[in-house]
Amino acid sequence: MQLKVNEKRYNDYGNWLRKRFPFRVQKVMLDAGFTCPNRDGTKGWDGCIFCDNRAFNPSYCDPGKSIRQQLADGKAFFGRKYPDMRYLAYFQAFSNTYADVETLRRRYEEALAVEDVVGIVVGTRPDCVSDAVLDYLERLSRQVFVIVEYGVEGVNDHTLRAIHRGHDFACSRKAIELTAARGIFTGGHVILGLPGEDARESLRQATVVGALPLHVLKIHHLQVLRGTRLAGMYEKEPFPVYSVDGYIALLAEYISRLPASMLLERFVNVSPPKMVVAPGWGVKSSEFLRRLEEYMESHGLWQGKLAGVSWEGAFSSPGRK
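In our numbering, each residue carries its 1-based index in the sequence shown increased by 494.
Below is the structure:
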C-alpha cells in the first residue's frame, strides 16, 4: 500500500468531517433528560454492568439546564479557542430516542434552533427505535446533518447477556439495517476486552461489524469504572484487562479487518482518572494515536487490508494483565 504524505492508515472520521463542512465543527454533549429501558425497570434498574454516564459528561452537560443553555455553555467552552466554530448537538447521555416522536421533535429542534448548530448526533440503543421514530429522523436528515449512533458493544449474545445489555445482537443488526436503508447516516459503538472475550473473539467481531451497513464506528477498550457492577466484580475477582501495548496490537488487527470505506471516529475512552479502577494507562489520546500509527506502519497494516480474510488462527492473544 502506497500512502500519501501525512495520510493515516485508517479512514479517519475527523478528516472526513473537515471535508464535509467548510468550517470547523465541534460536538457539544447534551443531557436531554432521557432515561434507558435498562434503568427505568422495563428491562432492568442498574444499567449495563460497565455503565456510568458521569465518566464522559463534561461539567456543562446538566439535565437541570435547558438544551439551549447547555449548548450556550458548551459553545462558550469551545468558542474561546475557535470563534468561528460551528457545532453538532450531541444527544449522548442515556438513550436519546427513548420517547414519543413529539417529545423527540421538541428536544432535537430546540437544539437545531440555536445559532451555529449545524446538525445533531443522537446516541441510543438499538431496542429504542421504532418505525415512527425512524420516519421522523429520515425526514429530519433530509433537512440537516443527522447521525444516529447505536450502542452495539458486542456481537456475542452470551457476552451481551453477561453484561446485562438487555438485547441481543440481532436487535442491533436490525436497527442498523433499518436506519441505513432510510439514508440516515448510521454509527455504531463497540467495546473490546469485555469479560470472557479474548483477542480471537474480538477479531471475529471485526468481521461481523464490518459487514454491517455502518457509516462510522467508535471502538474503545473496556474500562472498569468505580461504582459500577463491573467494578464490584473486578474487585472481588480481577479479570484480565488490556495493557496499552496489548490493546494497540489488537486494535491494529481489528482495524485491518474493517472495510476501508467505514469511518473510524474513536479508539479509546478517556474517563476522569479518579473514576478508573483499571486499566490505568496514563497515556494521552494524541500519544495513543501516534503509537497506533507507528504499530500499524511497522507491521504493514492498514484499514481494509484483511477485510474478508478469516480471523481463525490469525493472531495470538496480545498482552492482558
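The beta-carbon is built from N, C-alpha and C at its ideal position, and this holds for glycine as well.
The model shown is predicted, which means the values in this text are computed figures rather than measured ones.
Of the listed residues the options, nearest to residue i (C-alpha basis)
i, options, result
"leucine 671", "Ser624, Val764, Leu716 and Gln717", "Here residue 671 is glutamate; the residue named in the question, leucine, does not match the sequence. The candidate whose alpha carbon is nearest that of glutamate 671 is Ser624."
"arginine 659", "Cys530, Lys513, Thr673 and Arg503", "Cys530"
"alanine 608", "Leu719, Gly541, Tyr554 and Ile561", "The residue asked about is misnamed: residue 608 is valine in this sequence, not alanine. Answer by Cα proximity: Ile561."
"glycine 726", "Arg784, Ile657 and Leu786", "Ile657"
"glutamine 778", "Val762, Glu791, Tyr789 and Ala593", "It is worth fixing the name first, because residue 778 is lysine in this sequence and not glutamine. Per the Cα distances, Val762."
"asparagine 650", "Val702, Tyr748 and Ala566", "Val702"
"serine 901", "Gln699, Pro753 and Glu747", "The displayed coordinates of the chain run from 495 to 815. Any statement about residue 901 would go beyond what the structure contains."
"arginine 655", "Gly538, Arg512 and Val638", "Gly538"
"glycine 721", "Gly541, Ala526 and Leu744", "Gly541"
"valine 642", "Gly648, Thr653 and Pro620", "Pro620"
"phenylalanine 528", "Ala566, Ser589 and Tyr507", "Ser589"
"leucine 823", "Phe639, Tyr554 and Val684", "The displayed coordinates of the chain run from 495 to 815. Any statement about residue 823 would go beyond what the structure contains."
"cysteine 545", "Gly677, Ile742 and Gln717", "Gln717"
"leucine 708", "Lys730, Gly682, Asp692 and Gly558", "Gly682"
"tyrosine 536", "Val612, Arg751 and Tyr592", "A quick correction: the sequence has threonine, not tyrosine, at residue 536. Residue Tyr592 is the option with its Cα nearest to threonine 536."
"valine 615", "Asp594, Ala587 and Pro552", "Ala587"
"leucine 783", "Gly774, Tyr741 and Ser765", "Tyr741"
Buried versus exposed, by CB contacts within 10 Å (16 or more), residue i
i, result
"alanine 772", "buried"
"proline 767", "exposed"
"lysine 712", "buried"
"glutamate 695", "buried"
"glycine 802", "exposed"
"serine 780", "exposed"
"arginine 601", "buried"
"glycine 508", "exposed"
"glycine 645", "buried"
"arginine 512", "exposed"
"aspartate 525", "buried"
"glutamate 596", "exposed"
"glutamine 699", "buried"
"lysine 569", "buried"
"histidine 652", "exposed"
"glycine 893", "The structure shown has nothing for residue 893, since the chain only spans 495 to 815."
Residue i: first and last residue of the uninterrupted alpha helix (DSSP H) it sits in
i, result
"leucine 524", "Leucine 524 -> not in any alpha helix (DSSP H); beta strand (DSSP E) instead, spanning 519 to 524."
"tyrosine 554", "Careful: tyrosine 554 lies outside any alpha helix (DSSP H) and carries neither H nor E."
"valine 738", "738 to 750"
"arginine 562", "561 to 573"
"valine 627", "625 to 635"
"phenylalanine 782", "779 to 792"
"valine 638", "Where valine 638 is concerned, there is no enclosing alpha helix (DSSP H), given that its DSSP letter is neither H nor E."
"arginine 512", "507 to 514"
"glutamate 501", "Premise fails: glutamate 501 is in no alpha helix (DSSP H) and is neither H nor E."
"leucine 606", "595 to 606"
Terminal residues of the beta strand (DSSP E) in which residue i lies
i, result
"threonine 618", "611 to 618"
"glutamate 759", "757 to 760"
"tyrosine 581", "580 to 585"
"alanine 772", "770 to 772"
heavy atom of the ligand COA below 7 angstroms from residue i C-beta
i, result
"leucine 582", "No copy of the ligand COA occurs in the structure displayed, which carries no ligand at all."
In chain order, each alpha helix (DSSP H) run of at least 4 residues that lies wholly inside the region 642 to 730: 651 to 656, 663 to 675, 693 to 704 and 723 to 730
At least 3 beta-carbon pairs within less than 8 angstroms: the region 573 to 586 vs the region 688 to 698: no
The region 578 to 591 in contact with the region 507 to 519 per 3-pair CB rule at 8 angstroms: yes
The region 498 to 513 touching the region 787 to 806, judged by at least three CB pairs closer than 8 angstroms: yes
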